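Accompanying notes for the structure given below.
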Amino acid sequence: MSIEKKHLDITDRVVGKFGDGQLNLYLEKEKIGQMVAENDYDLKQGYLFDNSRFYQIADVLTGQDQKYVDCDYENGWC
Numbered sequence: 001m002s003i004e005k006k007h008l009d010i011t012d013r014v015v016g017k018f019g020d021g022q023l024n025l026y027l028e029k030e031k032i033g034q035m036v037a038e039n040d041y042d043l044k045q046g047y048l049f050d051n052s053r054f055y056q057i058a059d060v061l062t063g064q065d066q067k068y069v070d071c072d073y074e075n076g077w078c
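Per UniProt numbering, residue 1 is the first one in the sequence shown, and the count goes up by one each step.
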């Protein structure tokens, strides 16, 4: 098992709200950045804008969990 950085597409969950003369971006209730210019965004660390999509960079576990390697599925035990 290992940890990998993944880009999770959050585009459909990002909301823009005007405030203080700028367009602020939110993921749920967390402010993740603001729009600087058309297709130019100043985002917090851990977020990315690429190819007209917003992404959250997250650590994801990959691979098989080692405690379940030698299972005997025919007899139903691990």
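Idealized CB from N, CA, C, for every residue including glycine.
All figures in this text were calculated on a predicted structure; none of them were measured in a lab.
*Taking G46 and S2 to be in contact with their CB atoms under 8 angstroms, please state how far apart those CB atoms are, rounded to whole angstroms.*
For the purposes of this step, residue 46 is taken as the residue at position 46 of the sequence shown. For the purposes of this step, residue 2 is taken as the residue at position 2 of the sequence shown. Contact annotation, G46 with S2: C-beta distance approximately 20 angstroms; criterion of less than 8 angstroms not satisfied.
message: For G16 and Y26, what's the separation of their Cα atoms in angstroms?
response: Position 16 of the sequence shown holds residue 16. Position 26 of the sequence shown holds residue 26. Those two C-alpha atoms are separated by around 6 angstroms.
field: Alpha-carbon to alpha-carbon, N39 and D20
entry: Taking the first residue of the sequence shown as position 1, residue 20 is located at position 20. Taking the first residue of the sequence shown as position 1, residue 39 is located at position 39. If you take the alpha carbons of D20 and N39, they lie about 19 angstroms apart.
Assign F18 to buried or exposed, taking buried as 16 or more other Cβ atoms, counted over all protein chains shown, within 10 Å of its Cβ.
By 1-based counting over the sequence shown, the position of residue 18 is 18. Its Cβ having fewer than 16 others within 10 Å, F18 is exposed.
Check: Expressed to the nearest angstrom, what Euclidean distance is found between the alpha-carbon atoms of H7 and N75?
Finding: For this step, residue 7 is matched to residue 7 along the sequence shown. For this step, residue 75 is matched to residue 75 along the sequence shown. Rounded to whole angstroms, H7 to N75 spans 39 angstroms at the Cα level.
Item to check | Helix, strand or coil at D9 according to DSSP, with G and I counted as helix | outcome: Numbered from its first residue, the sequence shown carries residue 9 at position 9. Reduced to three states, the DSSP call for D9 is strand.
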